[in-house]
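Here's the structure we're looking at; comments come further down.
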């Protein structure tokens, strides 16, 4: 680009008039125009990219689709990217997917990109789509929920591709409504998508705003770029003139470009944004702004968060910026996340550069995680297999669940990803539920879809069933605990009776008459027998107490495990229709209170509660009563997961299994039971409690 266009772009905003001016400055040679576009992308200049692209396309100049592979990260609004993608020349779908795969952009823009690819393929390839279109669309649907614009575009993708899994994922976002309600959602989504497509394919002028806009910016509160001064007050420049006769007109123009920082215009902030950076502002930065930032000017305490964002947007630039800063101890987390991203993208070249960066500081390959070592050995099959065999032997010897998960993860993100899925099948069933986390959703499911495997996975079914088995085991453990508690109570009552009898006999006066001597000996023998019995009972009681306490500890651990399984099941985004309900339910509740010691309380049941229990399956009624007993007994584990309602803070909700909810009030001396209800009736019940 020549100096004139560079200076113009630096001062310009994106609008119809500026695009027309840039169009008049474009070179006549198409090859030179192509070079200009490439320069804008290499410099990560979002404004130049948009202005030159729209200027060229408005004059029907040829623009190669390959620029989308590296330029998609510079895209702003969904409409802008669609308008460009529909007009470029070449195999747009593959280039655009590559551009989306290597960056992080706004979710609505990403969803619109998928829809643009689907429409393009319907028209030019007879409905033959790139292999990665559906897996990427499903991943976005699982990641983003309750964003209507994203849902609208993905609904249209699902309709065009006839993908039932994608359709089901989006339907889960809208709860368990009737088919008629879902049909209404689909119809509205279709209207939104069609309208956006029609506008994107219309005249370029119809896509562009009339007033200058800045595609890379996230909307933020605007602060005045000039101080507020009365028209008749002395001018702030020190000229001695009245403000209205001096800088008033110039400042009015400056106000039009105010930024989120008082006293600075958007252009001034753009050239020196690092100096005013906070964590909140960093989190609001767009991908374009993150890429353009100078790492040497960013406050050191924000570098970790900066590299987390940058590695997802532009891994090569993140690596280059780490090299530029030179490694220090406070960059360890930044280095680790960049290396982690290199593993997920299979970028051995990046891994080697990062290793070279820390080798002078004493880091050896043996110090790396298995996935990182296997990435560096990617081109050496012999070394790769040795690493795999050694890690497998060590993991089997120690039965360390984290080592097993690391092994499966390392292989899953290698060139042998199908083998990694097999390893996950062998590992996850033996890992405690609270240690599995999101391993299935974050690793197994995306890889299955990338390999175009069927959506029905026996491993997922097994993990879901394990949560049911855990609840059955919990109920069995609760029954054993209750039986042991009854046994201890019976022994204690028997011991109390014998001790009372012994005390009574010892208090009786000893007769003085010789005739009664035989009776006294018999009484002493009975007393000795009673004392022996007391000893045995005390010993048995101590043993039963220890057994009961051990059962209670096991029960608390099992309850915590079941709670983690329930939470994991409710948070599961792999097609379960309950995840939207679970998310919505959490919106009705206050945060979990800190656990403390609870006193003994009596249970106060509502009228006809026994009849109410008879309406539920027997195991549900038993579980509800068992939970109430543990709550009344003040067991700390029983209060895990108990949360107050936002609209009625005096009412507490506790889960009974996955599908039922117990509502009660916790008073100083008693538990006041309100009702036992199905989960889907919670919102309706809350309305009656307000």
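Residue numbers (the numbering used here): 1335 to 2024. Cβ coordinates follow ideal geometry from the N, Cα and C atoms, glycine included.
Distance between residue j and residue i (C-alpha atoms, nearest Å)
i            : j            : result
residue 1985 : residue 1952 : 25 Å
residue 1518 : residue 1483 : 15 Å
residue 1683 : residue 2019 : 58 Å
residue 1756 : residue 1492 : 29 Å
residue 1790 : residue 1449 : 25 Å
residue 1335 : residue 1379 : 12 Å
residue 1299 : residue 1384 : Here the chain comprises residues numbered 1335 to 2024, so residue 1299 is not present and cannot be evaluated.
residue 1608 : residue 1623 : 10 Å
residue 1507 : residue 1486 : 12 Å
residue 1638 : residue 1429 : 31 Å
residue 1628 : residue 1458 : 43 Å
residue 2000 : residue 1432 : 56 Å
residue 1399 : residue 1738 : 43 Å
residue 2025 : residue 1599 : With the chain covering only 1335 through 2024, there is no way to say anything about residue 2025.
residue 2009 : residue 1509 : 23 Å
residue 1947 : residue 1955 : 6 Å
residue 1464 : residue 1341 : 40 Å
residue 1685 : residue 1670 : 10 Å
residue 1616 : residue 1440 : 15 Å
residue 1614 : residue 1410 : 20 Å
residue 1364 : residue 1527 : 33 Å
residue 1338 : residue 1358 : 12 Å
residue 1974 : residue 1781 : 34 Å
residue 1610 : residue 1658 : 21 Å
residue 1826 : residue 1959 : 24 Å
residue 1328 : residue 1355 : Any property of residue 1328 remains undetermined from this structure, which presents the chain solely from 1335 to 2024.
residue 1779 : residue 1477 : 12 Å
residue 1750 : residue 1523 : 39 Å
residue 1572 : residue 1580 : 10 Å
residue 1723 : residue 1731 : 12 Å
residue 1770 : residue 1783 : 20 Å
residue 1944 : residue 1950 : 11 Å
Helix, strand or coil at residue i [DSSP, three-state]
i            : result
residue 1352 : helix
residue 1773 : helix
residue 1728 : helix
residue 1369 : helix
residue 1992 : coil
residue 1599 : strand
residue 2000 : strand
residue 2010 : strand
residue 2021 : helix
residue 1423 : strand
residue 1583 : helix
residue 1987 : strand
residue 2016 : helix
residue 1576 : strand
residue 1592 : strand
residue 1792 : helix
residue 1563 : coil
residue 1923 : strand
residue 1781 : helix
residue 1439 : coil
residue 1362 : coil
residue 1543 : coil
residue 1749 : coil
residue 1694 : helix
residue 1701 : helix
Cβ separation of residue i and residue j, assumed to be a contact under 8 Å, to the nearest whole Å
i            : j            : result
residue 1672 : residue 1641 : 6 Å
residue 1462 : residue 1422 : Actually they are not in contact, since the Cβ atoms of residue 1462 and residue 1422 sit about 19 Å apart, beyond 8 Å.
residue 1625 : residue 1407 : 7 Å
residue 1704 : residue 1725 : 5 Å
residue 1520 : residue 1489 : 6 Å
residue 1402 : residue 1426 : 7 Å
residue 1343 : residue 1382 : 5 Å
residue 1763 : residue 1796 : 6 Å
Residue i beta carbon near the ligand FMN (any heavy atom closer than 7 Å)
i            : result
residue 1584 : Ligands are entirely absent from the displayed structure, and the ligand FMN is therefore not among its contents.
Legend entry - beta strand (DSSP E) runs wholly inside the stretch 1932-1979, at least 3 long, in chain order: 1936-1938
Inset, instruction - Taking only runs that begin and end inside the stretch 1463-1520, name each unbroken alpha helix (DSSP H) of 4 or more residues, in chain order. - result: 1467-1477, 1482-1495, 1498-1506
Inset, instruction - Would you list, in sequence order, the uninterrupted alpha helix (DSSP H) runs of no fewer than 4 residues that lie entirely inside the stretch 1627-1676? - result: 1637-1647, 1649-1659
Inset, instruction - Tell me, please, whether the stretch 1996-2005 touches the stretch 1962-1975 by the rule of three or more beta-carbon pairs shorter than 8 Å. - result: With contact defined as three or more Cβ pairs closer than 8 Å, the stretch 1996-2005 and the stretch 1962-1975 are in contact.
Inset, instruction - Evaluate the contact criterion for the stretch 1698-1717 versus the stretch 1641-1651: three or more CB pairs, one atom per stretch, below 8 Å. - result: no
Legend entry - Touching by the beta-carbon criterion (3+ pairs, under 8 Å), the stretch 1492-1504 and the stretch 1531-1541: no
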